[in-house]
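A.B. asks: In our numbering, the protein residues as written are 6 to 182. All C-beta atoms in this analysis are idealised placements derived from N, C-alpha and C, irrespective of residue type, glycine included. Structure provided below as structure tokens; questions to follow.
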């Protein structure tokens with residue numbers, strides 16, 4: 006459902022210029038993601054497609070939403086550049102890892118915390134665009150989550166690169182990789 010809501014979010018924010026309704030879409034998206042994960046763990050169910058689509062949806066949200074925020078002037082472009090560059094730099098490690106027979110590094114808790122903080126900042130920043138007391142209260146909360154998210158994003162990148170360097174130094178190349 007989250008993937009289907011991305012174009013709806015873009016349309017509401019960029020075409021209709023309705024940050025309130027775009028906020029609702031983000032809230033529903035986040036709630037459905039949380040509920041889906043909770044149910045999967047509770048029922049002890051997982052799928053290969055879910056394991057692939059969930060992180061893909063996270064990455065799409067972490068690119069699409071900041072770009073929309075940049076186009077609307079909600080967030081400076083340098084912050085958006087840092088967020089996107091981190092994901093691009095992590096993607097660049099894939100060939101190095103593959104050459105050592107590894108498909109991915111273990112997920113770090115700080116990486117999950119960074120994504121959580123960034124994803125949490127988005128609806129708060131949107132609500133901060135609403136006139137009145139709602140915007141006045143939620144805007145600084147959104148920025149607090151965004152600053153923490155960006156800082157943790159950069160820190161997790163450093164830790165992932167340290168892991169990648171360790172793998173490259175310690176593991177021999179796999180032939181045919």
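Just the C-alpha distance for residue 173 and residue 157, rounded to the nearest angstrom, thanks.
C.D. replies: Between residue 173 and residue 157, the C-alpha separation is close to 24 Å.
A.B. asks: Measure the alpha-carbon distance for residue 121 versus residue 6 and round it to whole angstroms.
C.D. replies: Each residue's alpha carbon lies about 18 Å from the other.
A.B. asks: So does the region 69-84 actually touch the region 124-134, counting three or more Cβ pairs closer than 8 Å?
C.D. replies: These segments touch.
A.B. asks: In the DSSP assignment, find the unbroken alpha helix (DSSP H) run with residue 49 in it and report its ends.
C.D. replies: Element bounds for residue 49: n/a, residue is neither H nor E.
A.B. asks: I'd like to know if the region 139-155 and the region 97-108 are in contact, where contact means that at least 3 CB-CB pairs between them fall below 8 Å.
C.D. replies: The answer is no - the region 97-108 does not touch the region 139-155, with fewer than three Cβ pairs under 8 Å.
A.B. asks: Which residue marks the beginning of the alpha helix (DSSP H) containing residue 124, and which one marks its end?
C.D. replies: From DSSP, the alpha helix (DSSP H) with residue 124 extends over 114-132.
A.B. asks: Excluding the 5 residues flanking residue 26 on each side, which residues of the same chain have their C-beta closer than 7 Å to its C-beta?
C.D. replies: Excluding residues within five positions, the ones whose Cβ falls inside 7 Å are 17.
A.B. asks: On the CB-based measure, 16 or more other CB atoms within 10 Å of its CB, does residue 44 come out buried or exposed?
C.D. replies: It counts as exposed.
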